[in-house]
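Here the protein sequences line up with chains R and W, keeping their order. Read in my numbering, the first sequence has 1005 at position 60, and its numbers run on one by one without any break. Read in my numbering, the second sequence has 182 at position 73, and its numbers run on one by one without any break. See structure below.
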Amino acid sequence: AQSVSQHNHHVILSEAASLELGCNYSYGGTVNLFWYVQYPGQHLQLLLKYFSGDPLVKGIKGFEAEFIKSKFSFNLRKPSVQWSDTAEYFCAVNLLNTGFQKLVFGTGTRLLVSP
Amino acid sequence: NAGVTQTPKFQVLKTGQSMTLQCAQDMNHNSMYWYRQDPGMGLRLIYYSASEGTTDKGEVPNGYNVSRLNKREFSLRLESAAPSQTSVYFCASSFTDRAINEKLFFGSGTQLSVL
């Protein structure tokens, strides 16, 4: 079955540290890729997405992600995190060409940024 | 414009009790989804509804039933709750299934505990 893996379940960083969250998927076909974020007490929000073209995509709040097709990866990065980035981050994949389209989510990574 | 509204926000059940989680969206979306979020498991799709009058199973449908009452509402029913159904439940919607490539709109979640 297709799956999305996020290997870091919990990440603790100090403010101004750099962030990289891993995401790998197992599907050989065409995919659209997403990162969603869930701030404490809030619902999930779209952070950024990749469909095609430049494999480096930029999202809101200084986040970016790089799609590496050969590695089936879509890692999320931010050069300098802030306390307000404390949240849970979910990678998601839309498996195209499989009928009704729906998102398959990864297991999530809880990020705690200490001031 | 409230977006996706879920009720209740919190619920405690005893094993064997039944209950219905309500979800409504006011964005004229055709497609609606129910996910459950568990630690270390991420979000998993329970059921989805491509359009009014249709429902289909997702990854983890066992123990649940759904009703797409009309275009606005998509309810999730637990007929006989089990402790394994303790989770946070999220309803989501999109204009069409393909519109998830733009954005999937989430409700604020229902935290359910089954004792």
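Backbone N, C-alpha and C fix where the C-beta goes; we use that ideal spot for every residue, glycine too.
Burial state of residue i (16 or more Cβ within 10 Å)
i: R:Lys-1047; result: buried
i: W:Phe-199; result: buried
i: W:Asn-171; result: exposed
i: W:Ala-201; result: buried
Short CB-CB distance (under 8 Å) between residue i and chain R
i: W:Lys-180; result: no
i: W:Ser-224; result: The identity of residue 224 of chain W in the sequence shown is Leu, whereas the question assumes Ser. No, its Cβ sits nowhere closer than 8 Å to a Cβ of chain R.
i: W:Gly-172; result: no
i: W:Ser-217; result: yes
i: W:Gly-151; result: yes
i: W:Leu-185; result: no
i: W:Lys-123; result: no
Span separating the alpha-carbon of residue i from that of residue j
i: R:Gly-986; j: W:Gly-112; result: 16 Å
i: R:Cys-1036; j: R:Glu-960; result: 23 Å
i: R:Thr-975; j: W:Asn-210; result: 13 Å
i: W:Ser-184; j: W:Cys-132; result: 6 Å
i: W:Met-136; j: R:Cys-968; result: 31 Å
i: W:Phe-119; j: W:Ala-208; result: 30 Å
i: W:Gly-151; j: W:Leu-224; result: 22 Å
i: R:Ala-962; j: W:Ser-189; result: 47 Å
i: W:Tyr-142; j: W:Leu-187; result: 16 Å
i: R:Asn-1039; j: R:Gly-1051; result: 12 Å
i: W:Thr-129; j: R:Glu-1033; result: 27 Å
i: W:Ser-217; j: R:Lys-1023; result: 26 Å
i: W:Lys-123; j: W:Tyr-157; result: 26 Å
i: R:Gly-998; j: R:Ile-1005; result: 19 Å
Other residues of its chain near residue i: CB distance less than 8 Å, five sequence neighbours each side excluded
i: W:Phe-161; result: One point to set straight first is that residue 161 of chain W is Glu, not Phe, in the sequence displayed. Cβ neighbours of W:Glu-161 beyond the five flanking positions: Asn-139, Arg-177, Asn-179, Lys-180.
i: R:Tyr-995; result: Asn-977, Leu-978, Phe-979, Val-1002, Ala-1010, Phe-1012, Phe-1019
i: R:Leu-1041; result: Gly-974, Thr-975, Val-976, Asn-977
i: W:Thr-163; result: Arg-177
i: R:Leu-1057; result: His-955, Val-956, Ile-957, Leu-958, Thr-1031
Integer Cβ distance of residue i from residue j, believed to fall under 8 Å
i: W:Gln-115; j: W:Thr-195; result: Contact flag wrong, Cβ pair sits at about 17 Å.
i: R:Tyr-981; j: R:Leu-991; result: 6 Å
i: R:Val-1026; j: R:Leu-964; result: 5 Å
i: W:Arg-153; j: W:Val-197; result: No, W:Arg-153 and W:Val-197 are not in contact; Cβ-Cβ is about 11 Å, not under 8 Å.
i: W:Phe-80; j: W:Ser-203; result: Nothing can be reported for residue 80 of chain W, as the shown portion of chain W is limited to 110 through 224.
Cut-off 6 Å between Cβ atoms - residues of its own chain near residue i, not counting five sequence neighbours on either side
i: R:Ser-1059; result: Ser-959
i: R:Ser-948; result: Ser-971
8 Å Cβ cutoff, residue i in contact with chain W
i: R:Lys-1006; result: no
i: R:Lys-1003; result: no
i: R:Phe-1035; result: yes
i: R:His-952; result: no
i: R:His-955; result: no
i: R:Leu-989; result: yes
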